[in-house]
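Structure record follows, encoded as structure tokens.
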Amino acid sequence: MARPSFFGLLLIAPALAMICALFLYPLGFSLAAAFTEPGGGLSLMHFRKAFDLYSTDILFTLFIVVVSTLLTGLFSIAIAGILTLGETPWLVAALRALYRWPLFIPFIVAAQCMRTFLAKNGLMNNSLVALGVMEPLQATSFLDWRGIIITFVWKQVPFVTLMLAGAMASIDRATIEAGRNLGASRIRVLIELVLPQVVQTLLVGLVLSFVTMLSVLSVPMMVAGSQPTMLTVDMAFRINSYGDYATANALGVISYAIAGAVAWIYLRHSVKREVQA
Amino acid sequence: MSGRLHVSPANAEPLAVSRDPRATSHEPASSAAGARVWVLGSTVLKILGLAVFAFLLFGPLANLALWSVAERWYTPFKLPVSYGMRYWEVVFRPTGDAMSSLMTSVGIACLTVMVALAVSVPAGYALARLKLPWRTALMILFLLPQAFPSVAIYINVARVFYSIGLTGTITGVVLVHAAHGLVYSVWIAAAAFAAVDRDLELAARNIGASPLRTFFTVTLPLAAPGVMASAIFVFLESLDEFTGTFFVGVPQITTLPLLLYNASMGGNYQIASITALILLVPSVVFMFVIERFLKADVLSKVGQ
Numbered sequence: 001m002a003r004p005s006f007f008g009l010l011l012i013a014p015a016l017a018m019i020c021a022l023f024l025y026p027l028g029f030s031l032a033a034a035f036t037e038p039g040g041g042l043s044l045m046h047f048r049k050a051f052d053l054y055s056t057d058i059l060f061t062l063f064i065v066v067v068s069t070l071l072t073g074l075f076s077i078a079i080a081g082i083l084t085l086g087e088t089p090w091l092v093a094a095l096r097a098l099y100r101w102p103l104f105i106p107f108i109v110a111a112q113c114m115r116t117f118l119a120k121n122g123l124m125n126n127s128l129v130a131l132g133v134m135e136p137l138q139a140t141s142f143l144d145w146r147g148i149i150i151t152f153v154w155k156q157v158p159f160v161t162l163m164l165a166g167a168m169a170s171i172d173r174a175t176i177e178a179g180r181n182l183g184a185s186r187i188r189v190l191i192e193l194v195l196p197q198v199v200q201t202l203l204v205g206l207v208l209s210f211v212t213m214l215s216v217l218s219v220p221m222m223v224a225g226s227q228p229t230m231l232t233v234d235m236a237f238r239i240n241s242y243g244d245y246a247t248a249n250a251l252g253v254i255s256y257a258i259a260g261a262v263a264w265i266y267l268r269h270s271v272k273r274e275v276q277a
Numbered sequence: 001m002s003g004r005l006h007v008s009p010a011n012a013e014p015l016a017v018s019r020d021p022r023a024t025s026h027e028p029a030s031s032a033a034g035a036r037v038w039v040l041g042s043t044v045l046k047i048l049g050l051a052v053f054a055f056l057l058f059g060p061l062a063n064l065a066l067w068s069v070a071e072r073w074y075t076p077f078k079l080p081v082s083y084g085m086r087y088w089e090v091v092f093r094p095t096g097d098a099m100s101s102l103m104t105s106v107g108i109a110c111l112t113v114m115v116a117l118a119v120s121v122p123a124g125y126a127l128a129r130l131k132l133p134w135r136t137a138l139m140i141l142f143l144l145p146q147a148f149p150s151v152a153i154y155i156n157v158a159r160v161f162y163s164i165g166l167t168g169t170i171t172g173v174v175l176v177h178a179a180h181g182l183v184y185s186v187w188i189a190a191a192a193f194a195a196v197d198r199d200l201e202l203a204a205r206n207i208g209a210s211p212l213r214t215f216f217t218v219t220l221p222l223a224a225p226g227v228m229a230s231a232i233f234v235f236l237e238s239l240d241e242f243t244g245t246f247f248v249g250v251p252q253i254t255t256l257p258l259l260l261y262n263a264s265m266g267g268n269y270q271i272a273s274i275t276a277l278i279l280l281v282p283s284v285v286f287m288f289v290i291e292r293f294l295k296a297d298v299l300s301k302v303g304q
């Protein structure tokens, strides 16, 4: 079997070379820049500077991403739950036709939509005022942390719901029917019977969403003001205004650490599941 | 309990909360009438919930569409003061910035698809059919550029590119987009090849076709819809890419997302909205046709 294996490596080599040159090498570059001092020795000085200047933004980023991920999970479970357990055909059909729309809409377009929709005089406030729900004077701009969270949730819910509804559709209907026949409410069936069977898919979707939201630059730049802001904007600012690669890379390593921590939580969970199984 | 639980994203509606306990406290005698009231109430609630959901979903898009045809729209007015297609003409004027950005964007996206397919069709075939050491690790390696906070990677790519003169060039931007899209093209291509029935290849080999001929006349045509789907993914990914172009392409390369960003930050909401609408078209079209290309047999093999 030595020959096909060698041939296979030959076929995959160009793709591997591309990943090495355009991902692994810059990754090493960023680690090197973050951990070395101007003289050349190893040091944590750039991290000290990053924490001094941006500790608020690090916490702000964590807050935004964690809250957005939790809300995304909650809405996805609700929508996928209705799609799977709903007993009103027209409601399920309408929801199925609707929820997917933002799926492939680019983040930058979503950001531009929200920039106008959530503004003080945007369509949201104007509609609420026109419906009489709100006084014109109560209208406030949502273009701050709330705007970022709303944009992220709006954009990511369809993605997680798509994965979740797919997983829910493929579980054994008999368990659901059994639960319903024994008198369990639909909420209880959803939480106690359906969710445990699809929790792995939910976690994958949420981890991917988490990392995606951590890396988006356009949404925090376009939707929210300057302070406080997310780490991605700080990195771009360090580069574009000061050419300060060291601090920017230290911030980059902090964002790797955040993503790594989430990946670790996920891996630990799936290992535990495999041990149980 | 069956008709009563109303799980909906509009759960926050105070109505939904306040009505539940009342329905349970009805006397048995009036239960038939109560049930009818309940059915009516729950239908009204469902319609309301769906309306709120649709408003939150389409409101932002409606605002975008309004801005694209608003010639004048300022503070006290809830709707545009005057409508017109003036800005559409500005955008679609052959000499305008927007037309040249559109050309740049589409050109870059096509080149990205070619580069990505050129490396990922062989790689996908190898991953699906040939024995490879550490196959899982290789698959995960292709996922990494998508599963990593990308801004920090891009600033270093830009730095490396700067030293070899690739910043601000089409080549540089295409390379960045292709690396980013590689996970789609490699994973989906591998799934597409894995879904091809191996007996058909063996039959072709049995009647004397060479391995190369078998690949080009049997395997590749059968895997073509999947490969096509991966090409569409890469094309869209490149068309919509902002962060990488922001660091590697500026100031010479202005793609549509960068034009949108500049117009929006400059306060020119009409141009920004029209650009956003242009970017929306392929995204929405793709959402409808994706199922035609990505069949269930391929989809079930993605990532394996």
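Each protein sequence line maps, in turn, to chains A and B. Residues in the first sequence are numbered consecutively from 1, following my numbering. Residues in the second sequence are numbered consecutively from 1, following my numbering. Think of the CB as a built atom: it goes at the ideal place given N, C-alpha and C, for glycine as much as any other residue.
Check                                                                                                                                                                                           : Outcome
Verify the CB distance criterion: does A/G122 have a CB-CB separation below 8 angstroms to chain B?                                                                                             : yes
Can you have a look at A/Y245 and say buried or exposed, based on whether 16 or more other CB atoms are within 10 angstroms of its CB?                                                          : buried
For B/S185, which residues does DSSP report across the bridge?                                                                                                                                  : None; B/S185 has no bridge partner.
Mapping the DSSP letters down to three states, classify A/L131 as helix, strand or coil.                                                                                                        : coil
Cβ of A/V253 within 8 angstroms of Cβ of A/S30?                                                                                                                                                 : yes
Would A/W101 count as contacting chain B if we go by Cβ distances under 8 angstroms?                                                                                                            : yes
Secondary structure at B/Y83, three-state DSSP: helix, strand or coil?                                                                                                                          : strand
Based on DSSP bridge pairs, tell me the residues matched to A/T36.                                                                                                                              : A/L42
Terminal residues of the continuous beta strand (DSSP E) containing B/R93?                                                                                                                      : Run containing B/R93: none; DSSP gives neither H nor E here.
Contact defined as beta carbons within less than 8 angstroms: I believe B/T245 pairs with B/S150. What is the distance between those atoms, to the nearest angstrom?                            : Not confirmed; about 12 angstroms, so no contact.
From the beta carbon of B/W88, is the nearest beta carbon of chain A less than 8 angstroms away?                                                                                                : no
Is B/P21 close to chain A, meaning its C-beta is less than 8 angstroms from at least one C-beta of that chain?                                                                                  : Confidence at B/P21 is low in this model, with a pLDDT of 44, below 50, so its placement is unreliable and no value can be given for it.
With DSSP as the reference, please indicate the residues paired to A/R273 in a beta bridge.                                                                                                     : Bridge partners of A/R273: none, in fact.
Between the beta-carbon of A/I64 and the beta-carbon of A/W154, is there less than 8 angstroms?                                                                                                 : no
Using beta carbons (cut-off 8 angstroms, strictly below), is B/P251 in contact with chain A?                                                                                                    : no
Under 7 angstroms Cβ-Cβ, which residues of chain B neighbour A/Q276?                                                                                                                            : Going along chain B, no residue has its Cβ under 7 angstroms from A/Q276, so there is no contact; the nearest lies around 22 angstroms.
Under a three-way DSSP split, which group does B/R72 fall into?                                                                                                                                 : strand
So is B/T240 buried or exposed if we call it buried at 16+ other beta carbons inside 10 Å?                                                                                                      : Note that residue 240 of chain B is Asp in the sequence shown, not Thr. It is buried - the Cβ of B/D240 has at least 16 other Cβ atoms within 10 Å.
Going along chain C, which residues have a C-beta under 7 angstroms from B/N262?                                                                                                                : As a matter of chain content, chain C is missing from the structure shown, whose protein chains are A and B.
Would the stretch 163 to 176 of chain A count as touching the stretch 40 to 58 of chain A if we require 3 or more Cβ pairs under 8 angstroms?                                                   : no
Could you give the C-beta distance for B/A152 and A/S255, rounded to a whole number, given that I count them as a contact under 8 angstroms?                                                    : 6 angstroms
Across the stretch 116 to 132 of chain B and the stretch 173 to 191 of chain B, are there enough close Cβ pairs to call them in contact, namely three or more that are closer than 8 angstroms? : yes
So what does DSSP say about B/V244, is it helix, strand or coil?                                                                                                                                : The question names Val, but residue 244 of chain B is Gly in the sequence shown. Residue state, collapsed to three classes: helix.
Under the three-state reduction of DSSP, which class applies to A/T140: helix, strand or coil?                                                                                                  : coil
My output table needs one value for B/W38: the three-state DSSP class, helix, strand or coil.                                                                                                   : helix
Within 10 angstroms of its Cβ, does B/N206 collect 16 or more other Cβ (buried), or is it exposed?                                                                                              : exposed
With a threshold of 8 angstroms, are at least 3 pairs of Cβ atoms found where one atom belongs to the stretch 108 to 120 of chain A and the other to the stretch 213 to 221 of chain A?         : yes
Quick one: measure Cβ to Cβ for B/A128 and B/A190, integer angstroms, because I've assumed they're closer than 8 angstroms.                                                                     : 5 angstroms
Looking at the structure shown, is A/M230 part of a helix, part of a strand, or coil, going by DSSP?                                                                                            : coil
So for B/H26, helix, strand or coil by DSSP?                                                                                                                                                    : Low confidence applies to B/H26: its pLDDT is 47, below 50, so where it sits in the model is not reliable, and the reading given next is rough at best. In the structure shown, B/H26 sits in coil (DSSP, three-state: anything other than H, G, I, E or B).
Return yes when the Cβ of B/T169 is within less than 8 angstroms of the Cβ of B/A158, no when it is not.                                                                                        : no
For B/R4 and A/A261, I'd like the C-alpha separation in whole angstroms.                                                                                                                        : Residue confidence for B/R4 is low, a pLDDT of 42 falling below 50, so the modelled location carries little weight; the figure read from the coordinates is stated next. Cα to Cα, B/R4 sits roughly 41 angstroms from A/A261.
Could you check what DSSP says for A/L10 in three-state terms: helix, strand or coil?                                                                                                           : helix
What number of angstroms, rounded off, separates the C-alpha of A/A32 from the C-alpha of A/T247?                                                                                               : 12 angstroms
Between A/G132 and A/N125, what straight-line distance do the alpha-carbon atoms span, to the nearest angstrom?                                                                                 : 11 angstroms
Flag this pair as yes or no: are the beta carbons of B/Q270 and B/S68 separated by less than 8 angstroms?                                                                                       : yes
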